Structure formats: structure tokens, C-alpha cells
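Since the structure comes first, as C-alpha cells, the remarks are kept for the end.
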Amino acid sequence: MARILMKGNEALGEAAIKAGAKFYFGYPITPQNEVSAYMAERLPEVGGVFLQAESEVSAINMVYGAGGAGARVLITSSSPGISLMQEGISYIAGAEIPAVIVNVMRGGPGLGGIQPGQADYFQATRGGGHGDYFMVVLAPESIQEMVDIMQEAFDIADQYRNPVMILADGMMGQMMEAVDLDNVEKSDRNLPPKTWATTGMAHHQGKNIINSLELDPAKLEKHNLDLKKKYDEMAKNEVKYEMYKCDDADIIAVAYGTTARIVKNTIDMASREGIKMGLIRPISLWPFPQEPFDRTADRAKAYISVEMSMGQMVEDVRLAVNGRKPVHFYGRTGGMIPEPKDILAEIKNILGGVK
Amino acid sequence: MEERVIMAGFGGQGLMTIGQLLAYAGLEEDKNVSWMPSYGPEQRGGTANCHVIVSDGPVGSPVISEATGVIVMNRPSLEKFESYLIQGGVLVIDSTLIDVKASRTDVEAIYVPADEMANEMGNSKMANMIMLGAYVQKTGVVKLESLFNALRHVWGNTAKERFVEPNIEAIKKGAGLIGELVK
């Protein structure tokens, strides 16, 4: 099929169906309501179930149930709604249930606003809920990439029996772009059969129990050590990033999602003025890519993290650069979107300072 | 080639629709496109706008800060978005609804009595298509034929099919104001 024009929110829903999701639970919140509307219409057509829960807390626990029964299940929300789901996400991680969660971020804190934001970076990459756990967090920059990543997200979730989060923002949800839904690359992952799923006793011997409670501290520590091994595997295998015009760059911006697109515009403006600027675009925010920093730290004069937040990913950038070069920050927040010319002005300031 | 156009007016005038139509037409020509709506606590009669980019290369930010074109169908939109235009940009103004002139002198302002023309055609709701026709004919961002094909592909076989031909006529009327029709 040729490319068609689709809204991000609708494209991600269709991509999940193409990846085999048969269940969607959610509760309305702007700017991601089109996902619910789309799934309500589409899932019954493919023999799936759409259910609008009475709250986010309820919706995420429906994901716990469906995922625990071995189904591919999608849930989406936006920042305040994702906060309400954190308890359930921690349970899902603790009970080792695969699920894909999409956060179409808006401005915060609190109820905040409904315009795009990236201020949930800490929440997404540092667990968000209680206890020692991590999720693979993927941040696409275009609707096509979001569609491609959806298939990957379900595969990663199944491979590791772990929730995966896709971090988008209101811009990505609301905009329309050309997208090809039919040529999504299937991964060659060898996914294990879901012998642990609670599907009744018809097909296996013994009990399958999905649970995150363990009152014996020795056993709970052992569980945490096993989880840690899994997170280490994820950290080793699931790193994704793009390097854009980094080869001879004096200054390297670090940005993800829609902000990375804005930075690419900035790089074009900079190059017209003879400024050598590059971009490191983490696609996996957790695990955060280390390699592109090791490859550029000798050559680059400085790094700048550009975010729609007051400075969150910049902490991971500092860890990755590890003192080798200065790390700067430029951010807009609350639903304000950074403009290429303002980013460029900041870049000129920095380069003026390091000369 | 990269055209970055902001379309703005009252909610209900069909600015979102012509924005999507332009994006579809770009897609018909295998160009890269993006359509970004203003969203929020919108209401009928409130202001609405969308940002459309049609480009030979990859589209960077879908939000436009330097527009090559602006289409406005009410006065608040003219006042707000005129300043977004680059020098030499194209500013299409519905002169039936907006009774002032452009204040910028370094842009190419085109006055289209779109509402009046649409009323003469028997349906004031087609004013948006007249505006789009004039803009596309002026800039050549896509071929008119691509707009027509987009209309047929998107509205054909739907409840809106009966609007396809009248809308094509409206686009041609708008284009006709600029000069010879380019097919």
C-alpha cells in the first residue's frame, strides 16, 4: 500500500493492531483522545476488545489482567493520566507482564496544560512507580518511526516480559504525516512462548500465578536480582540512537522526539552561517545511548541538551559525557515549543564562550 | 522546494480542511508533508489555524515560525500571522471578510473576495476552496490537478462525494483570479 496521511494518534493505534494488539484500555485525556476513538471503532473489526475504564487506575489494572493472560495489550494516556497509572505500572513490572504504554506528553506539573511537553522524562526513565524497575522507553521523532517502533515495542515487551513505554508528545499525537503501515519491518527476535500466561488449565500442567507480592525478604531479594539481570540484558541489547551531522561538529545538540526535528532545522540554519553543529538523537531514552558520546567527545567542543522541559535528559547527557566537555541546556516548557532561531542564538552564545 | 503555509480563520470556515487537502495533494505528488492543527479548548466561531509543510526533503519541525505563505479568513488571524511571513512571502486575504489591508509591504498580498465569490456560486462554505485555489495557483506548491485528485481520493465513495465537483469548481474560480489555469 502507498503512503497515506494519518494523525499520529490514529497511526499509533493502527500500528498496535498490526503488531497484534487485541486489547486496548484507556480513559480520556487530551491530547491523545483520538487513540481511544480510533480503537473503539477498529478493535471490534479485528475481533479485539476496546474498553473505556472508569479511571486510569482501573485501565492500567485491566492491562495487568489482559497482559497476564498473555495477550498483546496497548494503553495510552497523557501526562497526568500516566501519573495515575504508576502504581499499576510498578505491579506490571514486578509481576513481569508484557505491555505497551504510550505517553502523549503535555505540559505539567499538575493538571498543567494540553499543549506538547517533554517534562515526563524522569518519570519514564527512572521507573515512575515505586520499587527497583526499568522499562525500555522509546521516543520516535516522526509518525512513521512511531509506527515502526510500535511493532518493536511489543516484541521487546514479550521478549523480556516487561512493560515498554513509547514517549511521544502532543505535537506527535495531533499532527498528520504520510505513513506507510504495510511495510513495517518484522523483527527476527525469537520470542519465547508464553508458558507463564494465566490461560486456564487446559493446555498445561500446574498452576500459573501472576503476582507481585512476596513477603519473604530473601525470596524478594532473589526476585530483584533476577529482574536486575533482565534489565542488564535490556540495557545491553536495546540501545537505539541516530547521529546526524556529528562527524565534524563543533557543537553537538542532544534532543529526542519532535524536539529533535526542530534541532535538525536549527542545524540547517547553523550550517548556512558556517557553524558546524550536529545532533545525537537518543531513540531509546532508557537504555540511554553511551556510544555516540564516546565517539564524539574528543572532537566536539561542547554539548547542549534541547528539551521541552526545564532540564531532565540533560542529567543523562552529563553522565554520558562524564566531564569530558561542557554540557549546556536549552529548554522551553509548559506547552511552548522551542524555535530554531532561538536555539541557534543559544548555540552562538556557547561557541562564543568556548573560543 | 519547501512551502510552509499557515491557514487561519474562524472555526467552521474550513481552514483545517484546506490544510489537509493541500497535504494530501503534496502526497499525491510523492512529496513530504506535515499538517499540524492548533488544538485546545476550541469552539465553533473561535479562531483556528493549521500549519502545513510541503517539501521535497524531510520535514523538520511541523510548527512554522517562518512562513512562506499565509492564508487568512478573519481579521484577528491577519493581525496575528502576518508577522510570520518571510520577505516576499505570499499573503492571501479574504477581502470580503477582512476590511483592512496588509500592513507588511515586503510581502506579496493577494486580496480574494472569497466569501462573495462563494455566495455567487451558491454556497458560502466553499470560500475556503477559493482561497486555496488562489494560493496554489500563485505559488505552484502543487498542481491543481493534484488537489482535484486528493479531493476525489479522500471524499470519493463517502457521504461527501457530492461535494467533490463543486469544490473543484471553487478551486478553479480561486485559481482563475491569479491567471491562466495551469493544469
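Those protein sequence lines, which keep their order, are chains A and B. The first sequence begins at 163 in this note's numbering and counts up one residue at a time. The second sequence begins at 3 in this note's numbering and counts up one residue at a time. Note that beta-carbon positions come from the ideal geometry of N, C-alpha and C, so glycine has one too. Computed from a predicted model, the values in this text were never measured in an experiment.
Item: Cβ-based contacts, 7 Å cut-off: residues of the segment 51-73 of chain B near chain A; Value: Gly62, Ser63, Pro64, Val65, Ser67
Item: Stretch pair the segment 471-490 of chain A + the segment 429-439 of chain A: three plus CB contacts closer than 8 Å; Value: no
Item: Cβ-based contacts, 8 Å cut-off: residues of the segment 192-216 of chain A near chain B; Value: Thr192, Pro193
Item: 4-residue-minimum alpha helix (DSSP H) runs that sit fully inside the segment 171-213 of chain A, ordered along the chain; Value: 195-204
Item: Bounding residues of the alpha helix (DSSP H) (the contiguous stretch that carries Tyr322(A)); Value: 305-322
Item: Cβ-based burial, Lys169(A) [other Cβ within 10 Å; buried from 16]; Value: buried
Item: Pro43(B) - containing alpha helix (DSSP H), residue span; Value: Per DSSP, Pro43(B) belongs to no alpha helix (DSSP H) and is neither H nor E.
Item: Residue range of the unbroken alpha helix (DSSP H) whose run includes Ser220(A); Value: 218-230
Item: Nonlocal neighbours in the same chain, by C-beta distance under 8 Å from Glu508(A), ignoring five residues either side; Value: Ile466, His490, Tyr492
Item: Span of the alpha helix (DSSP H) around Leu149(B); Value: 146-157
Item: Val476(A) beta carbon near the ligand ATP (any heavy atom closer than 7 Å); Value: Ligands in the displayed structure: none, and consequently the ligand ATP is not present.
Item: Every unbroken alpha helix (DSSP H) within the segment 434-463 of chain A, with a cutoff of 4 residues, ordered by chain; Value: 453-458
Item: Same chain only: Cβ atoms within 7 Å of Leu99(B), ignoring 5 sequence neighbours per side; Value: Met75, Asn76, Asp117
Item: Beta-carbon separation (whole angstroms), Ile254(A) vs Pro325(A), contact threshold 8 Å; Value: 5 Å
Item: C-beta contact flag for Leu153(B) and Ile170(B) at 8 Å; Value: yes
Item: Whole-angstrom distance between Phe150(B) and Gln45(B), CA atom to CA atom; Value: 29 Å
Item: C-beta atoms of Ser40(B) and Asn51(B) nearer than 8 Å; Value: yes
Item: Contact between the segment 277-295 of chain A and the segment 347-364 of chain A (3+ Cβ pairs under 8 Å); Value: no
Item: As assigned by DSSP and simplified to three states, the class of Gly269(A); Value: coil
Item: CB contact flag (Lys33(B), Ser63(B), <8 Å); Value: no
Item: Residue environment, Val109(B), which counts as buried when at least 16 other CB atoms sit within 10 Å; Value: buried
Item: Unbroken beta strand (DSSP E) run spanning Tyr283(A), endpoints; Value: Careful: Tyr283(A) lies outside any beta strand (DSSP E), inside the alpha helix (DSSP H) at 283-287.
Item: Cβ-based contacts, 8 Å cut-off: residues of the segment 485-504 of chain A near chain B; Value: Ile499, Glu501, Pro502, Lys503
Item: Straight-line Cα distance separating Gln474(A) from Gly176(B); Value: 49 Å
Item: Met475(A) - DSSP class collapsed to helix/strand/coil; Value: helix
Item: Among Ile328(A), Ala257(A), Ile371(A), the one whose alpha carbon lies nearest that of Val299(A); Value: Ile328(A)
Item: C-beta contact flag for Gly279(A) and Asp331(A) at 8 Å; Value: yes
Item: Residue nearest to Ile88(B) in terms of C-alpha spacing, selected from Glu81(B), Pro78(B), Gly71(B); Value: Gly71(B)
Item: Same chain only: Cβ atoms within 6 Å of Asn223(A), ignoring 5 sequence neighbours per side; Value: Gly250
Item: Given Gly124(B) as reference, the closest of Val102(B), Val156(B), Gly135(B), Pro168(B) once Cα atoms are compared; Value: Pro168(B)
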